[in-house]
Amino acid sequence: MRTTTISRIEALEGELARRASVVRRQGKEERDRLVGASLSDPNGLPAALASVPAGDMLDQRIAAIRAAWRADT
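Residues in the sequence shown are numbered consecutively from 7, following my numbering.
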């Protein structure tokens with residue numbers, strides 16, 4: 007039973023890491039798109055950068071989920 011639970015947790019951790027990678031890549035692509043578009047309007051750069059999601063927040067959420075899972079086992 008414990009081995010099955012650990013295997014599930016490891017599989018979920020792998021899936022979370024994969025999704026985090028996708029989100030970071032999409033965030034970088036969106037940031038590049040916004041910065042490129044804002045270069046034609048110098049006043050638009052701060053607003054464009056402010057709208058880009060922070061990948062670090064996702065990393066912190068993943069770390070918190072992993073810690074919670076490990077605390078339960």
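All C-beta atoms, glycine included, are put in the ideal place defined by N, C-alpha and C. Quick caveat: nothing in here was measured; it's all calculated off a predicted structure.
Look at the alpha carbon of residue i and the alpha carbon of residue j, and state the distance between them as a whole number of angstroms.
| i | j | result |
| --- | --- | --- |
| glycine 20 | threonine 9 | 16 Å |
| aspartate 2 | isoleucine 71 | With the chain represented from 7 up to 79, any question about residue 2 goes unanswered, as that position is not in the structure. |
| serine 13 | tryptophan 75 | 12 Å |
| arginine 109 | arginine 67 | Limits of the chain in this structure are 7 at one end and 79 at the other, which puts residue 109 out of reach. |
| leucine 18 | threonine 11 | 10 Å |
| alanine 77 | arginine 25 | 23 Å |
| valine 28 | lysine 34 | 10 Å |
| glutamate 16 | glutamate 36 | 30 Å |
Check the Cβ-Cβ distances between residue i and every residue of chain B, and say whether any is below 8 Å.
| i | result |
| --- | --- |
| isoleucine 15 | Protein chains in the displayed structure number just one, and chain B is not present. |
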